[in-house]
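According to the working numbering, the sequence shown is numbered sequentially starting from 235. In this text, a Cβ means the ideal position worked out from N, Cα and C, and glycines have one as well. Keep in mind the model is a prediction, meaning the values are calculated, not measured. Each remark here refers to the structure printed beneath this line.
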Amino acid sequence: MEVGFLGLGIMGKAMAVNLLRNGFKVTVWNRTLSRCEELVEQGASMGSTPAEVVKKCKYIIAMLSDPPAALSVVFGKDGVLEQMCTGKGYIDMSTVDTVTSTKISEAIIEKGGRFLEAPVSGSKKPAEDGQLIILAAGDKSLYDEVMPSFDVMGKKAFFLGEVGNGAKMKLVVNMIMGSMITAFSEGLALADKSGLSQTTLLDVLELGAIANPMFKLKGPAMIQEKFPTAFPLKHQQKDMRLALALGDEVEVSMPVAAAANEAFKKGISLGLSDQDFSAVYQVVKESSAASKV
Ligand SMILES: NC(=O)C1=CN([C@@H]2O[C@H](COP(=O)(O)OP(=O)(O)OC[C@H]3O[C@@H](n4cnc5c(N)ncnc54)[C@H](OP(=O)(O)O)[C@@H]3O)[C@@H](O)[C@H]2O)C=CC1
Ligand SMILES: O=CC(=O)O
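So this is what it looks like as structure tokens:
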């Protein structure tokens with residue numbers, strides 16, 4: 235199977251490498267073109283624009299940072315739409331909102347193509363290991379056709395119906411995740427300031443009903459104040475913002491998520507955008523220090 239791949243950031247690079255390792259022919263493009271080189275060394279072809287990739291490939295996957303990036307790659311100069319036509323399928327795996335996804339879907343379909351949104355749950359390591367959870371919605375025939383690529387990139391794919399449902403599911407999941415890591419950070423800070431061992435806290439959490447892979451994975455590094463980037467804090471804040479907008483739209487009150495969003499916004503203002511989202515622990519610590527003054 236031959237696929238185009240647009241966007242070689244933390245996730246896109248790992249996903250494209252997996253496809254190559256599993257025998258897919260992959261043509262890559264990235265806004266910063268030099269990031270294609272590593273993939274080319276591993277056997278990928280390279281397109282110099284999104285339009286060039288679409289011209290060459292029947293199936294095109296995108297993994298881009300946010301709604302403006304997803305829109306500009308489709309609608310911009312030398313973008314996806316310039317070569318989109320009947321017979322081609324566009325699969326956007328970026329985390330965006332329903333409005334963005336619907337806009338892209340309508341434009342692709344108007345050109346005769348088929349569209350699937352397929353955001354993923356799981357971070358850098360699951361992407362490297364082909365263990366993502368794929369939350370797809372849109373054209374079912376396209377979903378069935380690209381399943382061999384989902385089998386390589388993920389451990390489970392869900393088909394959620396009409397366009398927008400994949401985006402919504404992803405935002406609900408990440409809203410919960412962002413609230414959890416913020417509460418976890420407060421717990422770590424509270425334990426420390428109360429004279430308790432944070433390592434013991436991790437052991438206690440691990441054995442109880444709120445044990446989860448995220449606390450286990452991130453906790454040991456967080457207590458050493460290390461935040462190696464798997465999921466950038468700026469993207470977690472984007473997801474909180476989009477989830478809160480969804481909450482407004484459907485009239486669900488989310489005070490916990492709103493408070494967590496404020497912590498991620500503060501993280502951005504403290505220069506933590508490109509650190510892992512677990513760096514929200516720094517925000518909690520900073521706020522505690524500030525409230526003492
Ligand atoms: N990291 C993670 O753990 C996870 C991330 N996600 C989601 O996946 C998506 C990608 O995340 P991730 O790989 O971490 O992000 P990165 O920030 O590492 O990569 C972002 C990608 O988007 C490209 N990009 C940004 N702006 C534009 C633009 N205006 N036009 C064209 N390309 C652009 C970047 O290109 P360039 O190299 O030129 O900057 C890069 O290829 C996001 O939506 C994120 O929320 C989902 C699950 C897990
Ligand atoms: O979107 C981030 C993730 O870990 O999933």
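With DSSP run on the structure shown, which of helix, strand or coil describes residue i?
| i | result |
| --- | --- |
| Ile325 | strand |
| Lys390 | strand |
| Val407 | helix |
| Phe258 | coil |
| Ser268 | helix |
| Pro353 | coil |
| Ile244 | helix |
| Leu366 | strand |
| Ile203 | Given a span of 235 to 527 for the chain in the structure shown, any question on residue 203 remains unanswerable. |
| Phe309 | helix |
| Ala464 | coil |
| Gly346 | coil |
| Glu485 | coil |
| Asp378 | helix |
| Ser383 | helix |
| Met456 | helix |
Take the Cβ of residue i as the centre, count every other Cβ of all protein chains shown within 10 Å, and call the residue buried at 16 or more, exposed below.
| i | result |
| --- | --- |
| Arg255 | exposed |
| Gln509 | buried |
| Glu396 | exposed |
| Glu485 | exposed |
| Glu351 | buried |
| Val274 | exposed |
| Gln471 | buried |
| Thr266 | exposed |
| Val321 | A quick correction: the sequence has Gly, not Val, at residue 321. Its Cβ having fewer than 16 others within 10 Å, Gly321 is exposed. |
| Cys291 | buried |
| Gly277 | exposed |
| Lys374 | exposed |
Residue i to residue j, Cα distance in whole Å?
| i | j | result |
| --- | --- | --- |
| Leu451 | Phe461 | 11 angstroms |
| Ser383 | Gly400 | 17 angstroms |
| Lys345 | Glu236 | 21 angstroms |
| Ala303 | Gln458 | 34 angstroms |
| Gly238 | Thr283 | 11 angstroms |
| Leu506 | Gly429 | 27 angstroms |
| Ser355 | Leu366 | 6 angstroms |
| Val531 | Gly372 | Since the first residue of the chain shown is 235 and the last is 527, residue 531 is not available in this structure. |
| Phe481 | Ile444 | The question names Phe, but residue 481 is Gly in the sequence shown. Approximately 25 angstroms between the Cα atoms of the pair. |
| Leu242 | Lys259 | 16 angstroms |
| Leu253 | Leu424 | 44 angstroms |
| Phe498 | Arg475 | 10 angstroms |
| Asp437 | Leu467 | 26 angstroms |
| Val262 | Lys337 | 24 angstroms |
Following a CB-centred definition, is residue i positioned closer than 7 angstroms to any heavy atom of ligand 1?
| i | result |
| --- | --- |
| Arg269 | yes |
| Asn399 | no |
| Val307 | yes |
| Gly246 | yes |
| Pro454 | no |
| Gly241 | yes |
| Leu350 | no |
| Leu405 | no |
| Ser282 | no |
| Arg255 | no |
| Met448 | no |
| Arg265 | yes |
| Met387 | no |
With a threshold of 7 angstroms, establish whether the CB of residue i neighbours any heavy atom of ligand 2.
| i | result |
| --- | --- |
| Phe393 | no |
| Gly412 | no |
| Ser357 | yes |
| Thr334 | no |
| Asn408 | yes |
| Thr329 | yes |
| Phe461 | no |
| Phe465 | yes |
With a Cβ-Cβ cutoff of 8 angstroms, do residue i and residue j count as a contact?
| i | j | result |
| --- | --- | --- |
| Met456 | Ser522 | no |
| Met414 | Met387 | no |
| Ala464 | Lys390 | no |
| Ile325 | Leu240 | no |
| Arg348 | Gly313 | no |
| Lys404 | Thr329 | yes |
| Ser419 | Val514 | yes |
| Asp473 | Gly398 | no |
| Ser306 | His469 | no |
| Met318 | Ile342 | yes |
| Asn297 | Gly246 | In the sequence under discussion, the amino acid at residue 297 is Met, which differs from the Asn named in the question. Taking 8 angstroms as the Cβ cut-off, Met297 and Gly246 qualify as a contacting pair. |
With a threshold of 7 angstroms, establish whether the CB of residue i neighbours any heavy atom of ligand 4.
| i | result |
| --- | --- |
| Asp373 | You won't find ligand 4 in this model; what it holds is ligand 1 and ligand 2. |
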